[in-house]
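Peer 1: Starting off with a structure, shown below.
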Amino acid sequence: MWQAFGMSDAVRFGLVGFGSGGRIFHAPLLASAANVEFVGVVTKSPERRAEVAAQLPKARAFDTIAAIAAAGAEAVAISTPAATHAELALEAIAQGLAVVVDKPFALDVASAQTVVDAAAAKGVLLSAYQNRRWDSDFLTLRKLIAEGGLGTVRRFESRFERWDPDRKIGAAGGGTLLDFGSHLVDQALVLHGPAIRVYAEMRGNGELDDDFFAALHHVNGVESHLWGSWRQAAPGPRFRVSGSTGAYVIDNGMDGQEALLKAGKSPAGLGDRWGVEHEHRWGRVYHGETSAPVASERGRWDTFYPAFARAVRGDGPVPVDPADTLRAMTVLDAARQSARTGTAVQL
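With the first letter of the sequence shown counted as 1, position 284 gets the number 284 in full-length UniProt numbering; the numbers rise by one all the way through.
Shown next, in the form of structure tokens:
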């Protein structure tokens with residue numbers, strides 16, 4: 001899986017954390033990016049260091065962010081428990097490193113604002129790892145809406161629902177609202193613009209929620225209904241998007257890139273086959289009793305790190321603007337407040 005690139009303009013990139021997120025969702029994509037030189041991984045855990053050696057035999061392990069910066073890293077991706085994201089991002093920024101922070105970016109908007117301000121003051125690049133913007137189904141939906149295929153969108157329904165009733169929701173993700181909701185809210189805001197009212201319901205068996213519903217009213221009039229759950233025995237459609245001339249429904253599960261990474265595959269090995277969805281997984285556009293399939297766009301998680309590396313070299317913007325992260329975190333904070341009070345929150 002490891003690829004070494006000798007390009008003089010390749011950005012020297014490090015990874016902070018090597019749990020399931022770093023090991024599965026970041027390392028293969030960093031190692032596959034042609035304009036990235038993977039310097040190594042920051043982890044003190046002997047177990048994680050052994051996993052680094054097994055998966056990335058040419059990578060080095062470092063004890064601290066300062067150590068990987070001293071070894072020549074120009075940028076780092078932070079994939080650690082959610083509660084540590086802001087602290088580690090600030091540490092990396094202080095070292096003058098460009099930073100990618102996995103979702104949830106922080107636990108609340110105040111912490112997120114502190115990180116954004118620090119990066120601006122230091123003059124370093126900052127982005128959030130909102131890889132779900134490059135899901136096959138989401139790219140297909142964006143294209144469909146842009147081409148007017150649904151007319152004027154009225155309601156956007158989006159779900160990350162799974163059935164795993166024995167799962168203990170770990171603190172690493174910050175709970176289901178922050179974990180799944182970070183993606184769901186981001187996608188809703190990208191498609192439909194700012195939200196001005198938020199209502200939410202949350203449930204859980206412990207301190208962390210494992211099931212939520214959120215309703216966002218957007219400035220443009222669209223209503224976004226978002227569900228996230230580990231306790232849904234009958235998951236609903238991934239998307240049901242209702243417009244004035246038609247509706248788009250995709251109910252064949254999640255984008256396939258996650259499954260590919262979990263199976264040990266990477267863009268480096270699959271090439272142009274990466275992110276391609278089989279016809280049986282395509283969504284359909286409905287007009288009452290009639291419907292037709294819509295060919296899915298190719299999923300492109302593999303474009304995030306090359307785009308960030310180009311931004312480090314001054315060639316284009318970061319893939320996800322930090323301002324987008326602050327807007328999403330504001331909505332997530334409002335959702336928690338709404339769930340506590342049982343009332344809608346005006347933004």
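We treat Cβ as the ideally placed atom computed from N, Cα and C, and that holds for glycine.
(1) Excluding the 5 residues flanking Ile196 on each side, which residues of the same chain have their C-beta closer than 8 Å to its C-beta?
(2) Could you say if the region 189–204 and the region 43–58 meet the contact criterion of at least three C-beta pairs nearer than 8 Å?
(3) Measuring only the C-alpha atoms, how far is Gly288 from Arg154?
(4) Do you know offhand how far Ala102's Cα is from Gly175's?
(5) Tell me whether Ala263 sits in a helix, a strand or coil according to DSSP, three-state version.
(6) Which residues share a DSSP beta bridge with Ile250?
(7) Just the C-alpha distance for Thr330 and Ala70, rounded to the nearest angstrom, thanks.
(8) Could you give the DSSP three-state label for Gln113: helix, strand or coil?
(9) Compute the distance between the beta-carbons of Arg238 and Met254, then report whether it is under 8 Å.
(10) Could you have a look at Glu91 and say whether DSSP puts it in helix, strand or coil?
(11) Among the candidates His278, Ala66, Arg167, Arg240, whose CA atom is the shortest distance from the CA of Ala295?
(12) Would you give the residue range spanned by the alpha helix (DSSP H) that His192 belongs to?
(13) Suppose the cutoff is 8 Å on Cβ atoms and the five residues either side in sequence are ignored; what does the same chain contact list for Pro306 look like?
(14) When the Cα atoms are used, what is the spatial distance from Glu161 to Ala309?
(15) Would you call the region 124–131 and the region 86–106 touching, i.e. three or more CB-CB distances under 8 Å?
(16) Going by other Cβ atoms of all chains shown within 10 Å of its Cβ, with 16 needed for buried, is Gly123 buried or exposed?
(17) Taking Leu141 as part of the beta strand (DSSP E), name the residues at either end of that continuous run.
(18) Would you list the residues sitting across from Ser158 in a DSSP beta bridge?
(19) Could you please give the first and the last residue of the uninterrupted beta strand (DSSP E) stretch that includes Leu126?
(20) For Thr84, tell me which candidate among Leu189, Ala73, Phe105 has the shortest Cα-Cα distance.
(21) Could you please give the first and the last residue of the uninterrupted alpha helix (DSSP H) stretch that includes residue 369?
(22) Since Gly14 contacts Ala73 with CB under 8 Å, what's their CB separation in whole angstroms?
(23) For the beta strand (DSSP E) containing Glu37, list its first residue and its last residue.
(24) Assuming Gln113 contacts Leu261 (C-beta within less than 8 Å), just tell me the rounded distance between them.
(25) Using a Cβ-Cβ cutoff of less than 8 Å, which residues in the same chain neighbour Ala75 once the five nearest sequence positions on both sides are dropped?
(26) For Ser45, which three-state DSSP category applies?
(27) Taking the straight line between their C-alpha atoms, what separation do you get for Ala146 and His192?
(28) Among Trp274, Ala215, Ala82, Gly228, which one has its Cα closest to the Cα of Asp164?
(29) Quick one, are the C-beta atoms of Gly236 and Ser136 less than 8 Å apart?
(30) Check each candidate in Arg281, Pro28, Arg133 and name the one with the smallest Cα separation from Leu189.
(31) If you compare alpha carbons, which of Glu91, Ser158, Ala54, Phe138 is closest to His225?
(32) Which whole-angstrom value describes the C-beta separation of Ile78 and Gly17, a residue pair presumed to lie in contact below a C-beta threshold of 8 Å?
(33) Apart from the five residues just before and just after Phe213, which ones in its own chain have a Cβ nearer than 6 Å to its Cβ?
(34) Measuring alpha carbon to alpha carbon, tell me which residue in Leu177, Gly170, Gln55, Val222 is nearest Ser244.
Peer 2: Here's the rundown:
(1) Position 196 of the sequence shown, counted from the start, is the residue given in the question as residue 196. These residues qualify, in order along the chain: His217, His218, Val219, Gln346, Leu347.
(2) no
(3) Taking the sequence shown and counting its residues from 1, the one referred to as residue 288 is at position 288. Taking the sequence shown and counting its residues from 1, the one referred to as residue 154 is at position 154. Using only the alpha carbons, I get a separation of about 16 Å.
(4) Counting from one through the sequence shown, the residue named residue 102 turns up at place 102. Counting from one through the sequence shown, the residue named residue 175 turns up at place 175. A quick correction: the sequence has Asp, not Ala, at residue 102. In this structure, the alpha-carbon of Asp102 lies about 15 Å from that of Gly175.
(5) Taking the sequence shown and counting its residues from 1, one reaches residue 263 at position 263. Three-state result, Ala263: coil.
(6) As a first step, residue 250 must be located in the sequence shown, where it is residue number 250. Its beta-bridge partners are Phe239.
(7) Within the sequence shown, the letter at position 330 stands for residue 330. Within the sequence shown, the letter at position 70 stands for residue 70. About 35 Å.
(8) Here residue 113 corresponds to residue number 113 of the sequence shown, with the count starting at 1. DSSP places Gln113 in helix when its eight states are reduced to three.
(9) Start at 1 with the first residue of the sequence shown, and residue 238 comes out as number 238. Start at 1 with the first residue of the sequence shown, and residue 254 comes out as number 254. The answer is yes: Cβ separation under 8 Å.
(10) For the purposes of this step, residue 91 is identified with residue 91 of the sequence shown, where counting begins at 1. Three-state result, Glu91: helix.
(11) Indexing the sequence shown from 1 puts residue 295 at position 295. Ranking the options by Cα distance to Ala295, first place goes to His278.
(12) Taking the sequence shown and counting its residues from 1, the one referred to as residue 192 is at position 192. Element bounds for His192: 176–192.
(13) Taking the sequence shown and counting its residues from 1, the one referred to as residue 306 is at position 306. The residues are Ala33, Ala34, Asn35, Val36.
(14) Residue mapping note: residue 161 aligns to position 161 of the sequence shown, counting from 1. Residue mapping note: residue 309 aligns to position 309 of the sequence shown, counting from 1. Rounded to the nearest angstrom, the two C-alpha atoms are 33 Å apart.
(15) yes
(16) Here residue 123 refers to the residue found at position 123 when the sequence shown is read from its first residue. Exposed is the call here.
(17) The residue labelled residue 141 in the question sits at position 141 within the sequence shown. Counted as a single uninterrupted DSSP element, the stretch harbouring Leu141 is not any beta strand (DSSP E) but the alpha helix (DSSP H) occupying residues 136–146.
(18) Working through the sequence shown from its first residue, we reach residue 158 at position 158. The partner list for Ser158 (beta bridge, DSSP) reads Leu226, Phe239.
(19) The residue given as residue 126 occupies position 126 in the sequence shown. That run of the beta strand (DSSP E) goes 126–129.
(20) Reading the sequence shown from its first residue, position 84 is the one you call residue 84. The candidate whose alpha carbon is nearest that of Thr84 is Phe105.
(21) As displayed, the chain neither begins before 1 nor continues past 347, which places residue 369 out of reach and without an answer.
(22) As a working mapping, residue 14 is identified with position 14 in the sequence shown. As a working mapping, residue 73 is identified with position 73 in the sequence shown. Confirmed, Cβ separation roughly 4 Å.
(23) Numbered from its first residue, the sequence shown carries residue 37 at position 37. Unbroken beta strand (DSSP E) run through Glu37: 36–42.
(24) Counted from its first residue, the sequence shown places residue 113 at position 113. Counted from its first residue, the sequence shown places residue 261 at position 261. Actually they are not in contact, since the Cβ atoms of Gln113 and Leu261 sit about 31 Å apart, beyond 8 Å.
(25) In the sequence shown, the residue the question calls residue 75 occupies position 75. Result list for Ala75: Val11, Arg12, Phe13, Gly14, Leu97, Ala98, Val99, Val100, Leu125, Phe308, Ala309, Val312, in chain order.
(26) Your numbering for residue 45 matches position 45 in the sequence shown. In this structure, Ser45 counts as coil in the three-state DSSP scheme.
(27) By one-based count along the sequence shown, residue 146 stands at place 146. By one-based count along the sequence shown, residue 192 stands at place 192. Their Cα atoms are separated by approximately 11 Å.
(28) Translated into the one-based positions of the sequence shown, residue 164 becomes position 164. Cα-wise, what sits closest to Asp164 is Gly228.
(29) As a working note, residue 236 is residue 236 in the sequence shown. As a working note, residue 136 is residue 136 in the sequence shown. Not in contact: Gly236 and Ser136 (Cβ atoms no closer than 8 Å).
(30) Indexing the sequence shown from 1 puts residue 189 at position 189. Measuring C-alpha to C-alpha distances from Leu189 to each of Arg281, Pro28, Arg133 identifies Arg133 as the nearest.
(31) Position 225 of the sequence shown, counted from the first residue, corresponds to residue 225. The candidate whose alpha carbon is nearest that of His225 is Ser158.
(32) By 1-based counting over the sequence shown, the position of residue 78 is 78. By 1-based counting over the sequence shown, the position of residue 17 is 17. Indeed, because the Cβ distance is near 7 Å, the residues count as touching under 8 Å.
(33) Stepping through the sequence shown from its first residue, residue 213 is reached at position 213. Contacts found: Glu201, Trp227.
(34) Within the sequence shown, the letter at position 244 stands for residue 244. Nearest of Leu177, Gly170, Gln55, Val222 to Ser244, Cα basis: Val222.
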